[in-house]
Every structure is written in C-alpha cells, then in structure tokens.
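The structure appears below as structure tokens.
Number of protein chains: 2
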Amino acid sequence: MFSLPTNLKKIALFLERLPGIGQKTANRLAFFFLRLPDEDLENFAENIKNLKKKTKLCKKCFNLTENDFCQICEDQNRDQSLITVIESVIDLLSFETGNIYNGLYHVLHGKIDPLNHVGPYDLKINELLERLKKDKNIKEIILATSPDMEGEATAMYIKSQILDLKNKNLISKNIKITRLAYGLPIGANLEYADYMTLKKALDGRDDF
Amino acid sequence: MFSLPTNLKKIALFLERLPGIGQKTANRLAFFFLRLPDEDLENFAENIKNLKKKTKLCKKCFNLTENDFCQICEDQNRDQSLITVIESVIDLLSFETGNIYNGLYHVLHGKIDPLNHVGPYDLKINELLERLKKDKNIKEIILATSPDMEGEATAMYIKSQILDLKNKNLISKNIKITRLAYGLPIGANLEYADYMTLKKALDGRDDF
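Just so you know, the sequences run in chain order A and B. If you count the first sequence from 1, position 109 lands on 261 in the numbering used here, and the numbers rise without skipping. If you count the second sequence from 1, position 122 lands on 274 in the numbering used here, and the numbers rise without skipping.
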C-alpha cells in the first residue's frame with residue numbers, strides 16, 4: 153500500500169491527535185500545509201517551539217500570560233470586587249469577546265469529574281480559597297462552571313468550601329456567591345429546547 | 153479587551169487559515185497544543201520546517217514523494233497498462249486505502265475551474281499527454297475527476313486532447329478512455345438521493 157512521504161505523514165499523525173480532527177481531516181490539513189509559503193511554515197514552527205516556554209499561568213487568576221500576572225489582573229480599571237470562576241481560558245475568551253463583563257476571573261483549569269479521575273485537588277480551587285482569604289476587596293463570586301453534571305458538582309463543591317471559610321470567620325460573611333442564570337439561549341426556538349432547559353426557564357421567569 | 157499571549161495568538165491565527173477551521177476551533181486547537189509534551193511540539197515544529205524541503209512531486213505521475221519517482225510508479229508489481237487520472241493526492245489515498253486498484257495514477261493537482269482562474273495549463277494535463285506519447289504500455293485511461301461541473305469539464309477536456317493525439321497518430325488508437333461509474337453510494341438511503349444521482353443510477357442500471 154502507498155504511504156505518504158515521512159514528513160507529511162508525521163504531520164498528519166500529529167494533527168490526528170488534536171480534538172475533533174479525524175484521519176481524513178488530518179490528511180487534508182497536512183496537504184494544505186504543502187501549499188503555504190515557506191516563510192509562514194517557518195514562523196509557525198518557531199511559534200510552536202516557543203509556545204510553552206513563553207506561555208505561563210497568571211499567579212493570581214491562572215489565566216494565560218507572558219508575565220507574572222495577566223493583562224486582566226493588571227488592569228486597575230476592572231472591578232476588583234468581582235470574581236467569575238470559570239473552567240478554562242476559552243470560557244474567559246467568551247466573556248471577553250462580548251465586552252459584557254468588567255470584573256476579574258479565576259480559572260479552575262477543569263471541572264470535578266470523578267469518571268476521568270479529576271478531583272477538587274487537581275483544580276485551582278485551593279488557590280481560589282487562598283485568594284479569597286487574602287484579598288479583602290472581593291464582594292461577589294460568580295460561579296460560571298458549565299451547566300452540566302460535572303460543572304454543577306464543581307460549583308456546589310466551591311460553594312461549600314466558601315461557606316466553610318465564612319463559618320470559620322476566615323472571610324467576610326458578606327461575600328455573595330452567585331451562579332449564572334439558566335434559561336433559553338437567545339435566538340433559540342422553543343420547539344428544540346430540552347425539558348430541563350424549559351423547566352429552568354420557567355423557574356427563573358421574571359416580570360415583563 | 154483581553155488578548156491571548158502572543159505565541160498562542162499567532163498559532164491560533166495560523167490555524168484559522170486552514171480549510172474548515174474557524175476562529176473558535178483554532179483557539180481550541182492552540183490551547184490543546186499547550187497541553188502536549190514539549191518533545192512532541194518540538195518534533196512537530198521540525199517536521200513543519202522540513203516539510204517542503206523533503207517533499208517533492210513524482211516526475212512521472214506527480215504524486216508526492218521524497219525521491220524522483222513515487223512508490224507507486226517504482227512498484228513493478230502494479231499494472232503498467234492502466235492510468236487513473238485524479239485531481240489530488242488525497243483522491244489517490246482514497247483508492248489506495250481500500251486496496252481496490254492496482255494500476256498507476258496521474259495527479260492533475262486541480263480541476264479546470266474558470267471562476268477560480270484555473271485553466272488546463274495550470275494542471276498536469278500536458279504532462280499526461282506527453283506521458284501517453286512516450287509510454288507504449290498504456291492501454292486504458294480511467295478519468296476519475298470528481299462528479300461535479302468542474303470535474304466533468306476537466307474529464308471532457310482531457311478526453312478531447314487524447315482523441316486529438318489519436319487522430320494525429322501520436323498514440324495508439326486502441327487506448328481506451330473510461331470514466332468512473334455514477335450511481336447510488338453504498339449504504340445510502342434512496343430517500344436522501346438527489347434526482348441527478350438517481351437519474352444516473354437509472355441510466356446505468358444493470359442486469360441483476
């Protein structure tokens with residue numbers, strides 16, 4: 153059987169490991185690389201090599217950064233009293249693209265997922281609790297983990313840990329703990345909404 | 153607005169140029185790179201750098217190769233009398249994965265597509281005609297361009313050029329020109345077949 157040239161094949165095999173990319177797509181992408189200018193490939197290769205050397209986690213919120221602290225934590229114009237707890241930096245990008253939020257973040261880097269052997273200590277939860285103990289500006293924690301079983305469990309766990317700190321008088325009893333609203337997504341068709349979403353939308357209904 | 157670390161951003165922007173990859177997927181893939189071992193990234197970067205240096209086109213059939221001639225053209229066990237004309241090396245892979253074909257190939261590297269400024273001279277059509285003139289073993293040309301307007305036009309054009317060579321007695325009049333069969337794909341549901349495919353399947357019906 154015919155096999156691709158070694159370099160091309162290795163690239164295709166590498167791409168196949170990426171999420172959402174199967175064998176056919178990996179081949180197609182590798183072939184596309186062949187058509188790109190030498191310079192672009194050279195630059196891409198350099199960026200890949202330096203990626204992990206130059207990318208670090210923010211010491212405060214665990215967002216990605218090239219310095220000790222990330223752009224968001226360094227920004228004094230942001231509301232320092234508000235922390236949104238998210239699972240990943242991708243979630244942070246979703247918040248940031250819309251310019252809908254002006255507080256700080258805390259990136260957990262995952263969610264509690266026993267089936268995949270991810271426990272609370274694999275996430276940046278302790279770091280969040282330490283942050284709450286130290287930073288006396290914080291007035292509200294928005295739990296923005298995903299609306300699935302693992303995200304829900306993670307939010308519940310974090311809430312219990314924060315309540316524990318409150319009971320031990322390690323943080324102010326006035327810190328609010330909130331969770332993102334559930335309901336119909338904007339632009340959705342009622343016909344296609346699952347009953348759990350509909351129930352949440354009903355429960356959360358508001359004056360109009 | 154928050155922006156990603158430079159290296160990560162450059163990688164995401166590069167990936168966004170690949171076919172079928174939008175901004176969100178590009179970000180997701182770039183983030184995935186962060187989680188891979190250093191060594192794998194290093195190797196991938198090296199392969200990208202060397203890709204174009206080490207990958208050439210076969211001097212006979214324009215398949216990809218690391219040498220002057222490709223693995224298939226070098227293989228003397230293959231039927232030297234049969235050439236399948238295809239648009240791309242990806243199509244060649246489709247034939248080769250099933251082990252359904254034992255002849256040679258000729259890769260056009262595209263199809264005639266006036267709207268995208270691709271004419272017959274941008275493809276390896278002249279090289280095919282020269283090959284036919286030189287190689288006296290060839291008995292059949294299978295035109296396997298895609299079953300769309302451009303693929304059809306390309307097949308028609310190549311056929312007319314080969315007939316021209318026959319008329320000028322530059323190649324044997326016995327060389328057969330064939331085209332892949334049209335019809336229902338295996339496993340398809342009749343319900344979802346478009347009427348053109350159904351018509352072709354009807355026209356090409358056979359004793360059972």
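Glycine is no exception: its CB is placed at the ideal position from the N, C-alpha and C atoms.
Worksheet item: Which residues, in chain order, does the stretch 171-184 of chain B contribute to contact with chain A at a C-beta distance below 9 Å?
Response: PRO171, GLY172, ILE173, LYS176, THR177, ASN179, ARG180, LEU181, ALA182, PHE183 and PHE184
Discussion item. Which residue wins for smallest C-alpha separation from LEU245(A), given the options PHE154(B), ALA353(B) and LEU354(B)?
Written reply: By 1-based counting over the first sequence, the position of residue 245(A) is 93. With distances taken between CA atoms, LEU245(A) lies nearest to PHE154(B) out of PHE154(B), ALA353(B) and LEU354(B).
Discussion item. So, for HIS261(A): in the same chain, excluding its five sequence neighbours on each side, which residues have a beta-carbon less than 7 Å away from its beta-carbon?
Written reply: Walking along the first sequence from the start, residue 261(A) turns up at place 109. The residues are PHE214, SER240, LEU275 and LYS276.
Discussion item. For the alpha helix (DSSP H) containing THR330(A), name the first residue and the last one.
Written reply: Within the first sequence, the letter at position 178 stands for residue 330(A). No alpha helix (DSSP H) contains THR330(A), which is instead part of the beta strand (DSSP E) from 328-331.
Worksheet item: In this structure, what does DSSP give as the bridge partners for GLU226(A)?
Response: Mapped onto the first sequence, residue 226(A) falls at position 74. Paired residue(s): none; GLU226(A) is not in a bridge.
Worksheet item: Relative to the C-alpha of VAL259(A), which residue among VAL270(A), ASP243(A), GLY250(A) and TYR253(A) is closest?
Response: The count along the first sequence starts at 1 and reaches residue 259(A) at position 107. Relative to VAL259(A), the option among VAL270(A), ASP243(A), GLY250(A) and TYR253(A) whose CA is nearest is ASP243(A).
Discussion item. If the criterion is Cβ atoms closer than 8 Å, does the pair VAL237(A) and LEU295(A) meet it?
Written reply: By one-based count along the first sequence, residue 237(A) stands at place 85. By one-based count along the first sequence, residue 295(A) stands at place 143. In this structure, VAL237(A) lies near LEU295(A), with their beta-carbon atoms less than 8 Å apart.
Discussion item. So with CB distances below 7 Å, who are the chain C contacts of THR207(A)?
Written reply: In the structure shown, chain C cannot be found, because the protein chains are A and B.
Practice prompt. Sort ILE327(B), ASN254(B), LEU280(B) and LEU167(B) by Cα distance to ILE290(B) and report the nearest one.
Written response: To locate residue 290(B), count along the second sequence from 1; it is residue 138. The shortest C-alpha separation from ILE290(B) is found at ILE327(B).
Discussion item. Which residue wins for smallest C-alpha separation from ALA333(B), given the options LEU322(B), ASN321(B) and LYS352(B)?
Written reply: Mapped onto the second sequence, residue 333(B) falls at position 181. It is LYS352(B).
Worksheet item: So, does the CB of ASP355(B) fall closer than 8 Å to a CB anywhere in chain A?
Response: For the purposes of this step, residue 355(B) is taken as residue 203 along the second sequence, with counting starting at 1. Chain A, which has no Cβ nearer than 8 Å to the Cβ of ASP355(B), makes this no.
Worksheet entry | In DSSP terms, what ILE264(B) is bridged to | Working through the second sequence from its first residue, we reach residue 264(B) at position 112. None, per the DSSP bridge assignment.
Discussion item. With a threshold of 8 Å between beta carbons, is VAL142(B) in contact with chain A?
Written reply: It is not possible to answer for residue 142(B), since the shown part of chain B is limited to 153 through 360.
Worksheet item: Taking Cβ-Cβ distances below 7 Å as the criterion, which residues of the stretch 212-239 of chain A are in contact with chain B?
Response: LEU216, THR217, GLU218, GLN223 and ILE224
Worksheet item: Between GLN175(B) and the rest of its own chain, which residues show a CB-CB distance below 7 Å, the 5 nearest in sequence each way excluded?
Response: Residue numbering aside, residue 175(B) sits at position 23 when the second sequence is read from its first letter. Answer for GLN175(B): GLU168, listed in chain order.
Worksheet entry | Delimiting residues of the alpha helix (DSSP H) encompassing GLU239(B) | For the purposes of this step, residue 239(B) is taken as the residue at position 87 of the second sequence. Unbroken run through GLU239(B): none, as it is neither H nor E.
Worksheet item: Ends of the beta strand (DSSP E) at ILE293(B)?
Response: If you number the second sequence from 1, residue 293(B) lands on position 141. 292-295 is the span of the beta strand (DSSP E), which, as asked, contains ILE293(B).
Worksheet item: Residues of chain A with a CB under 8 Å from the CB of LEU193(B): which are they?
Response: By 1-based counting over the second sequence, the position of residue 193(B) is 41. Near LEU193(B) (Cβ distances below 8 Å), the residues of chain A are ILE200, LYS201, LEU203 and LYS204.
Practice prompt. Please report the residue range of the alpha helix (DSSP H) in which TYR347(A) lies.
Written response: By one-based count along the first sequence, residue 347(A) stands at place 195. Boundaries of the alpha helix (DSSP H) harbouring TYR347(A): 347-355, taken from the DSSP string.
Discussion item. Any beta carbon of chain A sitting closer than 8 Å to that of PHE369(B)?
Written reply: It is not possible to answer for residue 369(B), since the shown part of chain B is limited to 153 through 360.
Worksheet item: Does GLU248(A) come within less than 8 Å of chain B when only Cβ atoms are used?
Response: One-based indexing of the first sequence puts residue 248(A) at position 96. At least one chain B Cβ lies under 8 Å of GLU248(A).
Worksheet item: Which residues in chain A sit within 9 Å of ILE163(B), going by Cβ to Cβ distance?
Response: As a position in the second sequence, residue 163(B) is number 11, starting the count at 1. The contacting residues are PHE196, ASN199, ILE200 and LEU203.
Item to complete: Please name the residue, chosen from CYS225(B), TYR253(B), TYR309(B) and GLY255(B), that lies closest to LYS263(B) on a Cα-to-Cα basis.
Response: Within the second sequence, the letter at position 111 stands for residue 263(B). For LYS263(B), the nearest C-alpha among the options comes from TYR309(B).
Worksheet item: What separation, rounded to the nearest whole angstrom, lies between the Cα atoms of CYS222(A) and GLU248(B)?
Response: As a working mapping, residue 222(A) is identified with position 70 in the first sequence. As a working mapping, residue 248(B) is identified with position 96 in the second sequence. Rounded to whole angstroms, CYS222(A) to GLU248(B) spans 50 Å at the Cα level.
Worksheet item: Out of ASP265(A), LEU234(A) and GLU292(A), which has the shortest C-alpha to C-alpha gap to LYS325(A)?
Response: Position 173 of the first sequence, counted from the start, is the residue given in the question as residue 325(A). When each option's Cα is compared against that of LYS325(A), the closest is GLU292(A).
Item to complete: At 8 Å on the CB atoms, spell out the chain A contacts of LEU244(B), in chain order.
Response: Indexing the second sequence from 1 puts residue 244(B) at position 92. Those are PHE154, listed as they occur along chain A.
Discussion item. Let's see if you can read the secondary structure: which residues bound the alpha helix (DSSP H) around TYR257(A)?
Written reply: Sequence index remark: in the first sequence, residue 257(A) carries index 105 (1-based). Judged by DSSP secondary structure, TYR257(A) falls outside any alpha helix (DSSP H) and instead within the beta strand (DSSP E) spanning 256-259.
Practice prompt. Compare the C-beta of PHE166(A) with all C-beta atoms of chain B and state if any pair is closer than 8 Å.
Written response: Position 14 of the first sequence, counting from 1, holds the residue named residue 166(A). Chain B, which has a Cβ nearer than 8 Å to the Cβ of PHE166(A), makes this yes.
Practice prompt. Tell me, please, whether the CB atom of ASP190(B) is closer than 8 Å to any CB atom in chain A?
Written response: For the purposes of this step, residue 190(B) is taken as the residue at position 38 of the second sequence. So, interface residue.
Worksheet entry | DSSP state of LEU188(B) mapped onto helix, strand, coil | Stepping through the second sequence from its first residue, residue 188(B) is reached at position 36. Of the three classes helix, strand and coil, the one that applies to LEU188(B) here is coil, per DSSP.
Worksheet item: With respect to the alpha helix (DSSP H) encompassing ASN319(A), which residues constitute its N-terminal and C-terminal limits?
Response: As a first step, residue 319(A) must be located in the first sequence, where it is residue number 167. Run containing ASN319(A): 301-319, per the alpha helix (DSSP H) assignment.
Worksheet item: Which of helix, strand or coil does DSSP assign to LYS276(A)?
Response: Taking the first residue of the first sequence as position 1, residue 276(A) is located at position 124. Of the three classes helix, strand and coil, the one that applies to LYS276(A) here is coil, per DSSP.
Worksheet item: Is it buried or exposed for ASN159(B), if we count other Cβ within 10 angstroms and need 16 for buried?
Response: Indexing the second sequence from 1 puts residue 159(B) at position 7. Result: buried.
Worksheet item: Which of the three DSSP states, helix, strand or coil, is assigned to LEU389(B)?
Response: Outside the modelled stretch of chain B, which goes from 153 to 360, sits residue 389(B), for which no answer is possible.
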